[in-house]
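Below is one structure; the comments refer to it alone.
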Amino acid sequence: MGVTEARWIGTGKQKLSSGEVIIWSGRKDNVHREGVAIIISKNKANTILQWKPINERLLYVMMNSKYAKLSVVAAYAPTDDAEEEDKDTFYYALQTVLEDIHRHDVLLLLGDFNARVGCNNKEIEDHGASWNMHDD
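Counting along the sequence shown from 1, when you hit position 33 you're at 829 in the numbering used here, and nothing is skipped either side.
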């Protein structure tokens, strides 16, 4: 399971007393914002081959499975309101991570891409539930 806005600082891997493993990647400046994590069930915890914290918005974990390697990427994209440089940096890093995954691996991309349809939702927000799509 992927978790976005984990708000944990630093990076790490911890096995819980219940057997699950949590791997996280957060900010390095002690500010509890952003952050991603992956929670792995106790029966799959021993399949972790490697993990790599990319930054506070990206985390990569490779796991073994019966037929192929499983590459899991947890992502937390900046919102549309973020600075263009921050968005460009995120998507460049995501592209780099995805390009580095072996083409025979099964890829699971988890996360929050803060998607919005259209650039201007002002009219929809102003009308709320009373907004009607039909012209009478």
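All C-beta atoms, glycine included, are put in the ideal place defined by N, C-alpha and C.
| Query | Result |
| --- | --- |
| Inter-residue CB distance, residue 933 and residue 869 (contact presumed, cutoff 8 Å) | Within the shown structure, residues of the chain are numbered from 797 to 932, placing residue 933 beyond reach of any answer. |
| Beta-bridge partners of residue 872, as assigned by DSSP | 908 |
| Test item: CB-CB of residue 827 and residue 800 under 8 Å | no |
| Backbone secondary structure at residue 842 - three-state DSSP | helix |
| 8 Å CB neighbourhood of residue 840 in its chain, flanking five on each side removed | 859 |
| Where residue 821 falls, given that 16 or more other Cβ within 10 Å makes a residue buried | buried |
| Continuous alpha helix (DSSP H) stretch holding residue 883: start and end | 880 to 896 |
| Closest residue to residue 845 among 898, 854, 865 (Cα-Cα distance) | 865 |
| For residue 829 and residue 816, the rounded distance between their alpha carbons | 24 Å |
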